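Colleague:
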Amino acid sequence: MNINHVTFPGLGLDFNLNEIAFSIGSLQVRWYGIILCTGIIAAFLYFMRRASKTEGIDPDHVYNITLLAVIVAIIGARFTYVITNLDLYDTFWEMLDIREGGIAIYGAIIFGGSAVIFYCKIKKLKTYTILDSIAPAVMLGQIIGRWGNFVNAEAYGYSEGVDKLPWRMGLDRVFIDDKLRSDIQFVHPTFLYESLWNLIGFILINIAYKKKKFDGQIFFYYVAWYGLGRGFIEMLRTDSLYIAGLKLSVVIGFITFIVAIIMLFVLLKKSSRELENAMSYESKYAALRVQSDAVKDTDELAVPFDVNEDQDYTEDEETLFEQDELDNDSEGDEDNEATDENTDDANIEE
Numbered sequence: 395m396n397i398n399h400v401t402f403p404g405l406g407l408d409f410n411l412n413e414i415a416f417s418i419g420s421l422q423v424r425w426y427g428i429i430l431c432t433g434i435i436a437a438f439l440y441f442m443r444r445a446s447k448t449e450g451i452d453p454d455h456v457y458n459i460t461l462l463a464v465i466v467a468i469i470g471a472r473f474t475y476v477i478t479n480l481d482l483y484d485t486f487w488e489m490l491d492i493r494e495g496g497i498a499i500y501g502a503i504i505f506g507g508s509a510v511i512f513y514c515k516i517k518k519l520k521t522y523t524i525l526d527s528i529a530p531a532v533m534l535g536q537i538i539g540r541w542g543n544f545v546n547a548e549a550y551g552y553s554e555g556v557d558k559l560p561w562r563m564g565l566d567r568v569f570i571d572d573k574l575r576s577d578i579q580f581v582h583p584t585f586l587y588e589s590l591w592n593l594i595g596f597i598l599i600n601i602a603y604k605k606k607k608f609d610g611q612i613f614f615y616y617v618a619w620y621g622l623g624r625g626f627i628e629m630l631r632t633d634s635l636y637i638a639g640l641k642l643s644v645v646i647g648f649i650t651f652i653v654a655i656i657m658l659f660v661l662l663k664k665s666s667r668e669l670e671n672a673m674s675y676e677s678k679y680a681a682l683r684v685q686s687d688a689v690k691d692t693d694e695l696a697v698p699f700d701v702n703e704d705q706d707y708t709e710d711e712e713t714l715f716e717q718d719e720l721d722n723d724s725e726g727d728e729d730n731e732a733t734d735e736n737t738d739d740a741n742i743e744e
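For the sequence shown, this note's numbering gives the first residue as 395, with consecutive numbering after it.
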């Protein structure tokens, strides 16, 4: 049965949804696949613009990363679903048949993200810079992709406590306590919760991108935001994947949120330290130039900080010392030449 009856009585909406968009002979093209492809295309276009325009990444790398990430993400999403539902499959070929559905978003994110990191390491690209430009793109894809679950009448929440919710969703095919109910049951529209949560996150992350202070900041904003939201929303879902009696997405969601917060503090501290070092070096450089101008006639350059043979200097500082000494020597030679010329002129006049 491909027709789903959907109602939102609090919003005055009541309609039927056909899972099949169109057919070509015996081939049925589902709305779910069309919506997912739309999400992937939108994510790619955003990634291309953000990576090439904002971060200055070669478009060829964007194409390569997108192709690799999408393929690996699909494999990872299917693998994660199968490994947590082994009892559903009798043969190996059934495990590979993705046409019957069954993918896990966290598998897609983890496997796809790992593929991106691997590519960056091989091509010697700045990993966090790439991840920063990908994160909002993934979020955009998720905003769109969740509506595929809506068309399929899946990824809904519990029915308890929803009677007074104005946005409650009614479905004519709902599994309650592992039993299919054919009468209208009202449930939490968790697909909508996640889509809206990601939409808010997408807006906030794009605002934050304009004030980005360090590489990795946007990526971990995404991880923290999505992990926190998914952890709470998953508590309402009835079709969660379980491992060791725990909802897999809840566990992963809260763990990734904590890890992301820790990484943000680590990267912020590292960025602040690098900024302090850069400012310290610039102040030393400026002071060095001022002192250099003031002691042109001396053989030894006095600097505004202690100089001794046992002190270690950076390559740039040593280069500055050597360059200023050469400049002083050169200026001294020019003064001597000018003096000699004046003497010769005086002798000629005599």
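All C-beta atoms, glycine included, are put in the ideal place defined by N, C-alpha and C. Just so we're clear, the structure is a prediction, and the values are computed from it rather than from any experiment.
(1) Which two residues bound the contiguous alpha helix (DSSP H) that contains PHE343?
(2) Please report how far the alpha carbon of TYR616 lies from the alpha carbon of ALA437, in whole angstroms.
(3) Verify whether the separation of the beta carbon atoms of ALA498 and ALA471 is less than 7 Å.
(4) How should PRO560 be labelled, buried or exposed, when 16 other C-beta atoms within 10 angstroms of its C-beta is the threshold for buried?
(5) In the DSSP output, which residue or residues are listed as bridge partners for GLN422?
(6) Does DSSP put THR352 in a helix, in a strand, or in coil?
(7) For the beta strand (DSSP E) holding ASP564, just list the boundary residues, first then last.
(8) Out of ASP408, PRO530, GLY507, which has the shortest C-alpha to C-alpha gap to ALA463?
(9) In chain order, what are the residue ranges of uninterrupted alpha helix (DSSP H) at least 4 long that sit wholly in the region 534-605?
(10) Taking the C-alpha atoms as reference points, what is the distance between LEU622 and LYS518?
(11) Looking only at its own chain, which residues have a Cβ that is under 6 Å from the Cβ of GLU743, when we skip the five neighbours before and after it?
(12) Roughly how many angstroms separate the alpha carbons of VAL400 and ILE516, rounded to a whole number?
(13) Starting from PHE608, follow the beta strand (DSSP E) in both directions and report where the run begins and ends.
(14) So the alpha helix (DSSP H) LEU490 belongs to, where does it begin and stop?
(15) Which of helix, strand or coil does DSSP assign to ASN671?
(16) State yes or no: is the C-beta of GLN422 within less than 7 Å of the C-beta of ILE414?
(17) From TYR587, ASN479, GLN579, SER576, pick the residue whose C-alpha is nearest to that of ILE537; which is it?
(18) Touching or not, the region 597-614 and the region 520-530, by the rule of three or more beta carbon pairs under 8 Å?
(19) Taking the alpha carbon of SER634 as the point to measure from, which residue in TRP619, GLY450, TYR500, TRP541 has its own alpha carbon closest?
(20) Given this structure, state the Cα-to-Cα distance separating GLY406 from TYR552, to the nearest angstrom.
(21) Below 8 Å on the Cβ atoms is my guess for ILE469 versus MET533; work out the distance and round it to an integer in Å.
(22) Assuming GLY542 contacts LEU430 (C-beta within less than 8 Å), just tell me the rounded distance between them.
(23) Under a Cβ-count criterion, where at least 16 other Cβ atoms within 10 Å of its own Cβ denotes burial, should ARG631 be classed as buried or exposed?
(24) Got a sec, what are the start and stop residues for the beta strand (DSSP E) ILE397 sits in?
(25) Give the secondary structure of ASP452 by DSSP, where H, G and I count as helix, E and B as strand, and everything else as coil.
(26) Quick one: what's got a C-beta closer than 6 Å to LEU590's C-beta in the same chain, skipping five residues either side?
(27) Comparing alpha-carbon positions, which option in ILE435, TYR475, ASP557 lies nearest SER643?
Modeller: Reading from the atomic positions:
(1) The requested residue 343 is not part of the displayed model; the chain covers only 395 to 744.
(2) Those two C-alpha atoms are separated by around 14 Å.
(3) Yes, the Cβ-Cβ distance between ALA498 and ALA471 is below 7 Å.
(4) Flag for PRO560 reads exposed.
(5) In DSSP, GLN422 forms a bridge with SER417.
(6) Because the chain in this structure spans residues 395 to 744, residue 352 falls outside the shown range and cannot be described.
(7) Note on residue identity: the sequence assigns Gly, not Asp, to residue 564. Start and end: 563-565.
(8) Nearest of ASP408, PRO530, GLY507 to ALA463, Cα basis: GLY507.
(9) Within the region 534-605, the complete alpha helix (DSSP H) segments at least 4 residues long are 584-603, listed from N- to C-terminus.
(10) Whole-angstrom Cα-Cα distance: 32 Å.
(11) Interpretation of GLU743 is limited by its pLDDT of 43, a score under 50 that renders its predicted location unreliable; the figure taken from the coordinates is listed afterwards. None.
(12) ILE516 has its alpha-carbon roughly 49 Å from the corresponding atom of VAL400.
(13) Per DSSP, PHE608 belongs to no beta strand (DSSP E) and is neither H nor E.
(14) In the DSSP assignment, LEU490 falls within the unbroken alpha helix (DSSP H) covering 486-490.
(15) Judged by DSSP in its simplified three-state form, ASN671 adopts helix.
(16) Yes, the Cβ-Cβ distance between GLN422 and ILE414 is below 7 Å.
(17) Ranking TYR587, ASN479, GLN579, SER576 by CA distance to the CA of ILE537 puts TYR587 first.
(18) Judged by Cβ distances under 8 Å, the region 597-614 makes contact with the region 520-530, as three or more pairs qualify.
(19) Here the closest residue by C-alpha is TYR500.
(20) If you draw a straight line from the Cα of GLY406 to the Cα of TYR552, it comes to about 21 Å.
(21) Contact between ILE469 and MET533 is absent: CB atoms are separated by about 21 Å, not below the 8 Å threshold.
(22) Between the beta-carbon of GLY542 and that of LEU430 there is about 5 Å, and that keeps the pair under the 8 Å contact cut.
(23) Burial of ARG631 is indicated by the presence of at least 16 other C-beta atoms within 10 angstroms of its C-beta.
(24) Unbroken beta strand (DSSP E) run through ILE397: 397-402.
(25) Judged by DSSP in its simplified three-state form, ASP452 adopts coil rather than helix or strand.
(26) Taken in chain order, the list of residues that qualify is empty.
(27) For SER643, the nearest C-alpha among the options comes from TYR475.
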